[in-house]
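Q: Mind having a look at this structure? Questions to follow.
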Amino acid sequence: MKILFVSIEYPPESGGGGIGSYLSDMAPALAAEGHEVHVISCLDGQPYRDYVEEKVHLHRRGFIRIPGFVRLCHLLHMSGLAWRIQTGLSAYVAYRRLGVSFDVIEHPDWGAEGWVFTVLHAKPLVAHLHTPLPLIRIHNKQKATIDDYFSSHLERLAVERSEIVTTTSQILVNAVKALGWLPQSNIQIIPYPIDWRKWGDIPAPSKAPPVALFLGRLEHRKAPEMLVEALSIIRNELPQAQALFIGRSNGKRDGLDYGEWVQKLAVNTGNCQFKSQVPRQGLAQCFENVRVLTMPSWFESYGLVSVEAMASGRPVIVTNTSGVAELIKPTRAGYVISPGDPKALAKSLLPILRDPLLADEMGDRGKAAVRIQLDPKKIAAQREQIYEQAIAEFDNRLKAKTRGFVYAIPERVGAFYIPKKWRNWAISEVLHTPWKHFYLSTARQLLELMIQDPSFSQRRDLNGLRILDVGCTPAVTILLACLGADVVMLDIDTTEMEKGFKYSQLLGIEDRFSGVNADAFTLPFESNRFDLVWNSGFLEHFDTPHSILKEMGRVLRPRGVVIALVPNRWTPHSVWIRERLRKKRKGYYWDFMGRERSYSKYQLAKLFWDAGIFVNAISVANLRRTVLDDSLLLPLLDRMIIRGFLVRLMRWIDHLEHSLPFLSYFGFMVGAMGKPMKDNKLR
C-alpha cells in the first residue's frame, strides 16, 4: 500500500509536539510492514529536501507564496486563516509534484492541512483528530474571533469530508460531539503507537531524585500552576521534593506571558526549575532525571508524553479529562485525579516521591502496558484496517454518484436479453471508472449490428456459436460469452487478454473463454472456424488494415459475419485532439496512438470492399465519447467534486442519442458488418 502522511510536524527538523511524535513512530511502523510510506512537511522557510529515514520517504518543502494574500488577511485580522490556507495549498502542490499515485492519504485536523485534498478529493482520505481548534480555545479561556471562526470551519471541512475519521480516546470523541463540531461522524478510536524499545534503557525511577516533571506548553489548558500549588503542599512533609517544568509559554495571564506568570507563582514555593522546550532526542534524559510525570490538564485529547513516560518506566499522574486516563486507570501505572485540584495532585504525588520502590512498581506496570497494548506492529495493523476501510468507502462514494446507464446498454437489444450478471458487473465498473462507459456503448453498437443479419436477428442467445475477438476488447467479448458463445481473444500482447481471463473468472464463465497470443495478419486458425469475427478500436492503428480484414473473413464459417468498429473521421478527437496529443505526449503509447487513423462511413465501407467483404450494415454511435473526449476527461475523473456531475452528463448525452437518432451520426465510432463476397447473396 502507498500511504501519504500530510503533516508540518515530523521531528527532528519540524515540530516537537504530539502530532510529530505520533508520526515519528507510526510512519516507520507502517514502513516496516512493507508499505511505501511518504511524509510531506510544508513549513514557511523550510529548505527543500527529499530523503529516506527508517524506510520513510520524507519530503520537506516551504510555503507556496500567494502575492498580497497574507498581507490582505493581516489587514482583515485573519492571519490564522491565511496560514491554514497556505499550509493546505502548499501541501497539495507538493503532493501533485511528487507524481506518486497513493492508495490513501492521512492528514491531521490541526492546521487544516488536508483542506485542498478534501475539496478536490482525488484519493481516499483519513483524518486524524488531535485537538480541534475550538477545544483549544475553550480550555485556554481564549475569546473567539472571526479568524478563529473561519479557521475552525476550514479545519472542520477537511475532517468531515474525509472517508474515515480517527482519534485516540473516547474523551475527545465525546468532547467533539458535545461541541457540535462533528455531531454525525463515526469516529474510530486507535491509540498512538509507542516504539518502547527507544525508551527501554532508561534507569528505574528509584534511581532518580524526588522530582516531579511537567512537560508541555505553559498555558491555561495544561494547568502547570497546579503542580506549583501541589509542590507547596508536598514540601511541608517532604522538603527535598522538586518540580521541573519544560516547555514554551503560550498565551497570557494577568498581563504576563503565561510561562512568566507561572514562574512568578513558583518563587514563593521554591524548588521549581524551568527550562525551555527541549528537542525530542533530549526527552530520554529528561525522564532519566525525574521520578514521576504530572499532566494536570483541564483537557487533553490523549497526552502522548504520558505514554512515553510510561515506556520510560515513570509513574504518571493525569486528570480524568485526559484521554490517556483510559490506559492508566486499568493498568494502575499511576493515578487519575480531577482537574483543578492541587490537593488531590499533592496527595497522589507524595507517596511516589517519598517511596522509590512504589515508583518502580508503578513504572514496571506502565512499561508492560505500553509493550502489550501500544506496540507499533499492533497499532500498524489497526491502521492498515482503517486505510482499507477508507479505500472501500471512497469506492462506494464514487459509485453512489450515479445509478445505471439504461440508454448506453439497455436491458434488451433485439431479441438478446443482456445477462444480468454482466450488466451489473459492467455498470459497477463504469461507476468506479467512468471512462469505461465507452465499453457499454461499444457492446450496444456491436449487438445492434449483429441483429441486422438474419443469422442473429431472431436469436435470444449465442449458444453453440464460436466468436473471435481480434485485438482484444475483453469487457465486450465477455458479454458474448455470457450470452452463451465460446469466445476466443487474440492479440500479440497479453495485457488485455489477462483482463479477459480475470473477468471470466469473476463472472463464472471460464469454460467459454480462451486466449491466443498471435499476429492478426496471420491468424493461426483453419478456414471456416468462427461464426463471428470482430474487433473494436484496432484496425485504425495499421497501415494495411484490409489485410487483417481478409484474414478475419478467411476464418469465417459459411453465413458468418465480420464486424469492425473504428473512430469516426468527423469528431473533435479525430479533427484536432489527436494531433494535439501527438505533439504533447512522448513514448511508446503515444507513438502508437499517433499512428491512429479515422474513417468516415464511406471510407470504412471501401476498406471492407478492398478486403473482399460486402457491407450489409453500417452505423455510427457513442455520442458521449465525442462530446466528452476521454483524453481530456480522464484527468478529471478521479476528483470526487466533479465525478457526480460528469456521470449525470454522460447519462443525459446517452438519453439525447437515444431520443434524437440523428445525433448518432456525430458518434465517436463507425461500425460495419459484412460477409465475404463469395458468401453474400448480393454479390
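Per the numbering used here, the sequence shown starts with residue 368, numbered consecutively. For each residue, glycine too, the CB sits at the ideal point set by N, CA and C.
Nearest to His587 by CA position, among Ile505, Ser643, Ser529, is which residue?
A: Within the sequence shown, residue 587 is the residue found at index 220, counting from 1. Of the candidates Ile505, Ser643, Ser529, the one whose C-alpha sits nearest the C-alpha of His587 is Ile505.
Q: Please report the residue range of the beta strand (DSSP E) in which Thr686 lies.
A: Numbered from 1 along the sequence shown, position 319 holds the residue referred to as residue 686. Thr686 -> beta strand (DSSP E) spans 683 to 686.
Q: At which residue ranges does the region 501 to 538 contain complete alpha helix (DSSP H) runs of 4 or more residues, listed in the order of the chain?
A: You should have 513 to 527.
Q: Go ahead and pull the three-state DSSP assignment for Phe959.
A: Within the sequence shown, numbered from 1, the residue matching residue 959 stands at position 592. Bear in mind that a pLDDT of 44 at Phe959, under 50, signals an unreliable position, so the number given afterwards is only what the model happens to contain. Three-state DSSP puts Phe959 in a helix.
Q: Leaving out the 5 sequence neighbours to the left and right, which residues in its chain are closer than 6 Å to Trp477 when beta-carbon positions are compared?
A: For this step, residue 477 is matched to residue 110 along the sequence shown. Closer than 6 Å at Cβ, skipping near neighbours: His497.
Q: Provide the residue span of the beta strand (DSSP E) that contains Gly670, from first to last.
A: By 1-based counting over the sequence shown, the position of residue 670 is 303. Note, Gly670: premise wrong, no beta strand (DSSP E); not H, not E.
Q: Taking DSSP as the reference, what is the three-state secondary structure of Leu835?
A: Within the sequence shown, residue 835 is the residue found at index 468, counting from 1. In the structure shown, Leu835 sits in a strand (DSSP, three-state: E or B).
Q: I need the boundaries of the alpha helix (DSSP H) containing Arg483, first residue and last residue.
A: Here residue 483 refers to the residue found at position 116 when the sequence shown is read from its first residue. Here the sequence assigns Val to residue 483, which means Arg is not the residue at that position. Element bounds for Val483: 482 to 487.
Q: In chain order, what residues of the same chain have a beta carbon less than 8 Å from the beta carbon of Gln644, not counting five sequence neighbours either side?
A: Within the sequence shown, residue 644 is the residue found at index 277, counting from 1. Only Gly383, Ile613, Gly614, Arg615 meet the Cβ criterion.
Q: With 16 as the cutoff for other CB atoms within 10 Å, does Tyr345 come out buried or exposed?
A: With the chain covering only 368 through 1050, there is no way to say anything about residue 345.
Q: Can you give me the C-alpha to C-alpha distance between Phe981 and Leu1030, rounded to a whole angstrom?
A: Counting from one through the sequence shown, the residue named residue 981 turns up at place 614. Counting from one through the sequence shown, the residue named residue 1030 turns up at place 663. One C-alpha to the other measures close to 26 Å.
Q: Using only the alpha-carbon positions, how far apart do Leu813 and Arg964 sit?
A: Working through the sequence shown from its first residue, we reach residue 813 at position 446. Working through the sequence shown from its first residue, we reach residue 964 at position 597. Going from the Cα of Leu813 to the Cα of Arg964 covers about 20 Å.
Q: Between which two residues does the alpha helix (DSSP H) harbouring Glu421 extend?
A: In the sequence shown, residue 421 corresponds to position 54, counting from 1. Unbroken run through Glu421: none, as it is neither H nor E.
Q: Should Asn983 be listed as close to the ligand ZN, given that the test is whether its C-beta is under 7 Å from any heavy atom?
A: The ligand content of the structure shown is nil, which means the ligand ZN is not present either.
Q: Verify whether the separation of the beta carbon atoms of His495 and Glu473 is less than 8 Å.
A: Counting from 1 along the sequence shown, the entry for residue 495 is found at position 128. Counting from 1 along the sequence shown, the entry for residue 473 is found at position 106. Yes. Within cutoff.
Q: Once you ignore the five residues that flank Tyr754 on each side, which residues in its own chain have a CB closer than 6 Å to its CB?
A: In the sequence shown, residue 754 corresponds to position 387, counting from 1. Only Val471 meet the Cβ criterion.
Q: By DSSP, does Glu403 sit in helix, in strand, or in coil?
A: Taking the first residue of the sequence shown as 1, we reach residue 403 at position 36. In the structure shown, Glu403 sits in a strand (DSSP, three-state: E or B).
Q: Should the region 583 to 598 be called in touch with the region 554 to 565, which here means at least 3 C-beta pairs below 8 Å?
A: No: the two stretches stay apart, fewer than three of their Cβ pairs being nearer than 8 Å.
Q: Is it buried or exposed, His1022, if we count other Cβ atoms within 10 angstroms and call 16 or more buried?
A: Position 655 of the sequence shown, counted from the start, is the residue given in the question as residue 1022. Looking at its Cβ environment, which holds fewer than 16 other Cβ atoms inside 10 Å, His1022 is exposed.
Q: Can you find at least 3 beta carbon pairs, one from the region 893 to 903 and one from the region 918 to 938, that sit closer than 8 Å?
A: The region 893 to 903, when compared against the region 918 to 938, does touch it at the 8 Å Cβ threshold.
Q: Anyone know if the C-beta pair for Ile554 and Thr534 falls short of 8 Å?
A: Against the sequence shown, residue 554 aligns to sequence position 187. Against the sequence shown, residue 534 aligns to sequence position 167. Result yes, Cβ atoms of Ile554 and Thr534 sit closer than 8 Å.
Q: Taking only runs that begin and end inside the region 793 to 871, name each unbroken alpha helix (DSSP H) of 4 or more residues, in chain order.
A: Counting only runs of 4 or more, we get 804 to 817, 821 to 824, 841 to 849.
Q: Quick one: is Asp568 buried, meaning 16 or more other Cβ sit within 10 Å of its Cβ, or exposed?
A: Against the sequence shown, residue 568 aligns to sequence position 201. Exposed, since its Cβ has fewer than 16 Cβ neighbours within 10 Å.
Q: In three-state DSSP terms, what is Arg427?
A: Position 60 of the sequence shown, counted from the first residue, corresponds to residue 427. Three-state DSSP puts Arg427 in a strand.
Q: Kindly indicate which residue of Ala525, Val837, Leu598, Gly781 has the alpha-carbon position closest to the one of Ser552.
A: In the sequence shown, counting from the first residue as 1, residue 552 sits at position 185. Comparing Cα positions, the closest option is Ala525.
Q: Could you check if Tyr418 is buried or exposed, using at least 16 other CB atoms within 10 Å of its CB as the buried criterion?
A: Within the sequence shown, residue 418 is the residue found at index 51, counting from 1. With fewer than 16 Cβ atoms within 10 Å of its Cβ, Tyr418 is classed as exposed.
Q: When the Cβ atoms of the region 690 to 698 are set against those of the region 589 to 603, are three or more pairs found closer than 8 Å?
A: Counting Cβ pairs under 8 Å, fewer than three are found: no touch.
Q: In angstroms with no decimal places, state the Cα-to-Cα distance between Asp886 and Asp836.
A: Taking the first residue of the sequence shown as 1, we reach residue 886 at position 519. Taking the first residue of the sequence shown as 1, we reach residue 836 at position 469. Straight-line Cα distance between these residues: approximately 12 Å.
Q: Between the beta-carbon of Asn989 and the beta-carbon of Phe805, is there less than 8 Å?
A: For the purposes of this step, residue 989 is taken as residue 622 along the sequence shown, with counting starting at 1. For the purposes of this step, residue 805 is taken as residue 438 along the sequence shown, with counting starting at 1. Cβ atoms of Asn989 and Phe805: closer than 8 Å.
Q: Looking at Ala734: is its Cβ nearer than 8 Å to the Cβ of Met662?
A: For the purposes of this step, residue 734 is taken as residue 367 along the sequence shown, with counting starting at 1. For the purposes of this step, residue 662 is taken as residue 295 along the sequence shown, with counting starting at 1. The identity of residue 734 in the sequence shown is Lys, whereas the question assumes Ala. No.
Q: Considering only residues of the same chain and omitting the five flanking positions on each side of Glu627, which have a CB-CB separation below 8 Å?
A: As a working mapping, residue 627 is identified with position 260 in the sequence shown. So the list reads Ser616, once near-sequence residues are dropped.
Q: Report the rounded CA-to-CA distance for Tyr415 versus Gly429, giving the unit in angstroms.
A: Your numbering for residue 415 matches position 48 in the sequence shown. Your numbering for residue 429 matches position 62 in the sequence shown. Whole-angstrom Cα-Cα distance: 7 Å.
Q: What's the C-alpha gap between Leu611 and Pro718?
A: Stepping through the sequence shown from its first residue, residue 611 is reached at position 244. Stepping through the sequence shown from its first residue, residue 718 is reached at position 351. If I take the Cα positions, the gap works out to 18 Å.
Q: DSSP state of Ala931, grouped into three classes?
A: Locating residue 931 in the sequence shown gives position 564, counting from the first residue. Three-state result, Ala931: strand.
Q: Just to confirm the assignment, what range does the beta strand (DSSP E) spanning His474 have?
A: Within the sequence shown, residue 474 is the residue found at index 107, counting from 1. Looking at the DSSP string, the run of the beta strand (DSSP E) that includes His474 is 471 to 475.
Q: Report the rounded CA-to-CA distance for Trp976 versus Pro912, giving the unit in angstroms.
A: One-based indexing of the sequence shown puts residue 976 at position 609. One-based indexing of the sequence shown puts residue 912 at position 545. Those two C-alpha atoms are separated by around 12 Å.
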